[in-house]
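Residue numbers (my numbering), protein chains in the order written: chain A, 3 to 571; chain B, -13 to 275. By construction, the Cβ of each residue, glycine as well, lies at the ideal position given by its N, Cα and C atoms. Reviewing the structure listed below.
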């Protein structure tokens, strides 16, 4: 008997074959070979090659790889590869036929038996080769079928305060704030009526939840008894990191599976004498554990991935998780065939979210998904790379105003509250009571399509703040006589905003340097050199120098009064 | 820790927002010239001081041809949206139930001051509309002839009735709606002088434990009654300084449960909401491990 790469190699007749595992423990308890040998020894023509020791058929591409080599011969060998269950019954024949000598040969068993997933348990891979003289050589390799599956992933960062939960603001059409669960942004476990955490009741692996694409509502479930609840078994929410952060995922393994009989079963690991680890890879690099620990059902492992982007962006990042195993004490890992892919949407923001002081509630748990999504849609459309706060302000102010390129309307299709649009003279509808009703604003302008400057200033201030733009203030301007302006949602520039008068009793804008530069998303000034005439040339007001803004907006000097940003609901 | 509080009145919140910031004043809010000028422009000092009422049951208002949606409570007050048979929002009624008449006047002032047009708004009385103690009209539509909104006070109640699409096909006439609401509010009995606003009572609010593991839940034991003794509507706020996370839902047995979704300490506040537009709140502190 010899041992090579975990194989038991026997030069004997089939009747004399003995089976043992590759583990040390199994080898020690195995019976010695017996019976008359046939041939002159295994090294003559059948040699072991890389073959799986552990497999999970329910992984994508999962199954057992089977390898061996045959020495050179002028005639082909007859080879039979079979899989035996723990009782010695042949349950599969992955290959049967002639194979040339002088080469390595590889086969793959998909670990299905009669079309069903092989149950977790111990199997034997047997390779029997017969040369032209009738000499028989046999290789046996123990194979453990396991069920390796992820139940949940909790996103974090290697440095504190670099990752935030994201917020939704509706629940089945009503207003309610929900923060993505820090305990498991990615979750795939048994729903009510399901047997196991990892598999569907028909034994198929539970598919990975897709990225939740809605931006206003989280995933919901509707219990048979009525009502509506937040989905708490199967979801995949977007993540939000500070630029350049190093993500750390805490992965929890599932504990049970569904057997081919339809009954609940275990996962059949740990495997005695062997360690199993999980590693991931995506387009940016590898996800590994700083202190590898052997997986156990229900166990938890932390994996650190490649840093997220260094600019603010939205990035869908599929991660292929695969497993590796090795004998205890060994230094190198063998790949377990197959992978499991989880998709993750990662938003990056430049800095931590800022909020009005004193605000409390779930809405302050992190940036709102709809706001994150707007920013990145606008940045993409406008061709702005978000490297600095200046870029974020530019994308938000221009995108919010819209009406350029493919941005056919203003945000949520709002219109300036002026007669030409059917409005009422510039009343405040969303932002005037100390709390800006951003959720209603983002819900298809639920308080009406008309907005005034306070609505625009308060909504842009809280949106920019939650996107990590510091030091924002409202800037309340005094009354003024206007030059040509283009109001948000309006068709064109005007010199008669109110039908007979063209001034503001006040105006609200925002600033992040106490008025040195200002931003104003509710109107464009006229940059054609003649701001007292129409038509105009769009002058977007993102971080515009105050003096320049004042000169283009109004006749004479305009007073400023700085105010804190409002709370948000 | 348990604590009970009343919500900060609407007008005080509004005043806080629209105060300016000035380092020179070392935290003292400077006066807001816009509000001062508007108070003078609209003769705020002369506004009638109506009697205080216990609140207003916005959810019990019926508007012909429209379906009222649920009353929504939010910072500063309540609101209710009315839709037509096609589900198109037609009217929005906003209401702030304040402790004092002065607070309602301040809220009305805020509504009319923060109008960008330089035109002076007409009073409801000038247009022969019966709208509370005093009210102002924002006209809209492309021809400027339609009432886009009308804000008015009835004692300590401040209303704003908005037409959500003055020029839209099927737009409603806000005037009779305002008069209907106004008449109902004016007919409410006055509160006794010095009497506090009636608010819902939170009889008990506790969790089965002070700590919970993330991903698990706690049963809440609570009871809250409205001013008429019926169960109050409930709302929950998960907040606090070092914010743990979670949400509250009813389980299949009808029990309220706090579901813990993020580690940290948190303050879970129960808000009992009266049909009359007032609220009470009580908070407990929890730790999510």
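Measuring alpha carbon to alpha carbon, tell me which of B/147, B/159, B/263, B/274 ends up nearest residue 62 of chain B. B/263
May I ask you to report which of helix, strand or coil DSSP gives residue 34 of chain A? Confidence at residue 34 of chain A is low in this model, with a pLDDT of 34, below 50, so its placement is unreliable and the value that follows should be read with caution. If DSSP states are grouped into helix, strand and coil, residue 34 of chain A belongs with coil.
Look at the Cβ atom of residue 112 of chain A, then the Cβ atom of residue 172 of chain A, and state whether they are nearer than 7 Å. no
Could you check the C-alpha separation between residue 368 of chain A and residue 425 of chain A for me, to the nearest Å? 34 Å
If residue 54 of chain B sits next to residue 260 of chain B, beta carbons under 8 Å apart, how far is it from one beta carbon to the other, in whole angstroms? With 8 Å as the limit, residue 54 of chain B and residue 260 of chain B do not qualify as a contact, their Cβ atoms being about 17 Å apart.
Measure the C-alpha to C-alpha separation of residue 393 of chain A and residue 486 of chain A and round it to an integer number of angstroms. 26 Å
Compare the beta carbon distance of residue 218 of chain B and residue 209 of chain B with 7 Å and say whether it is the shorter of the two. no
Residue ranges of each beta strand (DSSP E) run of no fewer than 3 residues wholly in the region 518 to 560 of chain A, ordered along the chain? 519 to 528, 540 to 547
Cut-off 7 Å between Cβ atoms - residues of its own chain near residue 243 of chain A, not counting five sequence neighbours on either side: 159, 164, 165, 249, 310, 348, 350
Inside the region 114 to 151 of chain B only - beta strand (DSSP E) runs reaching at least 3 residues: 120 to 126, 132 to 140, 143 to 149
What is the DSSP secondary structure of residue 238 of chain B, reduced to helix, strand or coil? coil
Cβ distance (whole Å) where residue 418 of chain A is taken to contact residue 491 of chain A below 8 Å: 5 Å
If you measure between the beta carbons of residue 148 of chain A and residue 58 of chain A, is that distance less than 7 Å? yes
Measuring only the C-alpha atoms, how far is residue 37 of chain A from residue 138 of chain A? Residue placement at residue 37 of chain A cannot be trusted, given a pLDDT of 32 that sits under 50; what the coordinates show is reported in the next sentence. Roughly 14 Å separates the two Cα atoms.
Under three-state DSSP, which class holds residue 45 of chain B? helix
Between the region 100 to 120 of chain A and the region 61 to 81 of chain A, are three or more C-beta pairs nearer than 8 Å? yes
Based on Cα-Cα distance, which residue from A/128, A/216, A/323, A/150 lies nearest to residue 140 of chain A? A/128
Alpha-carbon to alpha-carbon, residue 79 of chain B and residue 173 of chain B: 18 Å
Just to confirm before moving on: does the CB-CB distance between residue 136 of chain B and residue 121 of chain B stay below 7 Å? yes
Output the distance between the C-alpha atoms of residue 246 of chain B and residue 70 of chain B, rounded to the nearest integer angstrom. 40 Å
For residue 512 of chain A, write down the residues that DSSP places opposite it in a beta bridge. A/476, A/521
Does the beta carbon of residue 267 of chain A sit closer than 7 Å to a beta carbon anywhere in chain B? no
So for residue 255 of chain A, helix, strand or coil by DSSP? strand
Restricting to Cα atoms, I'd like to know which of B/153, B/108, B/107 is closest to residue 128 of chain B. B/153
Just to confirm, are residue 571 of chain A and residue 60 of chain B a CB contact at a threshold of 7 Å? yes
Quick one: give me the first and last residue of the alpha helix (DSSP H) that residue 380 of chain A is part of. 371 to 384
Please tell me whether residue 506 of chain A has its Cβ less than 7 Å away from any Cβ of chain B. yes
Examine chain B for any beta-carbon lying closer than 7 Å to the beta-carbon of residue 258 of chain A, and answer yes or no. no
Taking the beta carbon of residue 338 of chain A as the centre, do at least 16 other beta carbons fall within 10 Å, making it buried, or is it exposed? buried
Under the DSSP definition of a beta bridge, which residues are partnered with residue 91 of chain B? For residue 91 of chain B, which the question treats as bridged, DSSP gives no partner whatsoever.
Could you work out which residue in A/269, A/241, A/428, A/253 is closest to residue 372 of chain A when comparing CA atoms only? A/241
Can you pull the DSSP bridge partners for residue 468 of chain A? Beta-bridge pairing links residue 468 of chain A to no other residue.
Taking 8 Å as the limit between beta carbons, can you name the residues of its chain near residue 2 of chain A, skipping five residues before and five after? Any answer about residue 2 of chain A is impossible in this case: the structure gives chain A only from 3 up to 571.
Chain A contact for residue 79 of chain B (CB, 7 Å cutoff): no
Count the other CB atoms within 10 Å of the CB of residue 124 of chain B; is the residue buried (16 or more) or exposed (fewer)? buried
Roughly how many angstroms lie between the CA atoms of residue 304 of chain A and residue 297 of chain A, to the nearest whole one? 11 Å
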